[in-house]
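Have a look at the structure below, then the notes.
In my numbering, the protein residues as written are 10 to 147.
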């Protein structure tokens, strides 16, 4: 076990670091192209979700958007029944950074158990002028 920890703590080679940064930049560029490609919110959310899922090698996710009542509506689902689309969800927790849902209490996120039961444990906020307008749940 100690050998493994030593290996994990060793600095990466400059080439490995450069390769990692290159992948990050390509992902950022790809997302910027998606965001500027369409005014259709569902199309943009679908492609953003697919890009993240591909980069993270995961098969399920959903995109939520703020609705008029202050809750969220499921706009895009991947790896789930299409019946989940347009379902209303309430999130009390206002976050500005990605958050692990397991770290939130039921009071902070009343639907936490719902997300966790679906295998979704990460929520990534979508912000516009420092205001939460949606979330990608992975």
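Cβ coordinates follow ideal geometry from the N, Cα and C atoms, glycine included.
Reference residue i, options the options, closest by Cα
i	options	result
residue 139	65, 34 and 103	103
residue 134	33, 75 and 47	75
residue 33	61, 49, 50 and 51	61
residue 109	132, 49 and 63	132
residue 142	65, 64 and 99	99
residue 39	58, 28 and 25	58
residue 96	120, 114 and 147	120
residue 1	50, 107, 65 and 56	This structure does not reach residue 1, given that the chain is present from 10 up to 147, and the question cannot be answered.
residue 146	77, 48, 106 and 41	106
Burial state of residue i (16 or more Cβ within 10 Å)
i	result
residue 80	exposed
residue 35	exposed
residue 13	Confidence at residue 13 is low in this model, with a pLDDT of 42, below 50, so the placement of that residue should be treated as unreliable; the coordinate-derived value is given next. Per the 10 Å Cβ criterion, exposed.
residue 144	buried
residue 137	exposed
residue 53	buried
residue 22	exposed
residue 124	buried
residue 73	buried
residue 93	exposed
residue 91	exposed
Three-state secondary structure (DSSP) of residue i
i	result
residue 115	coil
residue 69	coil
residue 23	helix
Test: residue i CB closer than 9 Å to a CB of chain C
i	result
residue 36	Of the protein chains in this structure there is only one, and it is not chain C.
Taking contact to mean at least 3 C-beta pairs separated by less than 8 Å, is the region 64-71 in contact with the region 80-96?
Judged by Cβ distances under 8 Å, the region 64-71 makes contact with the region 80-96, as three or more pairs qualify.
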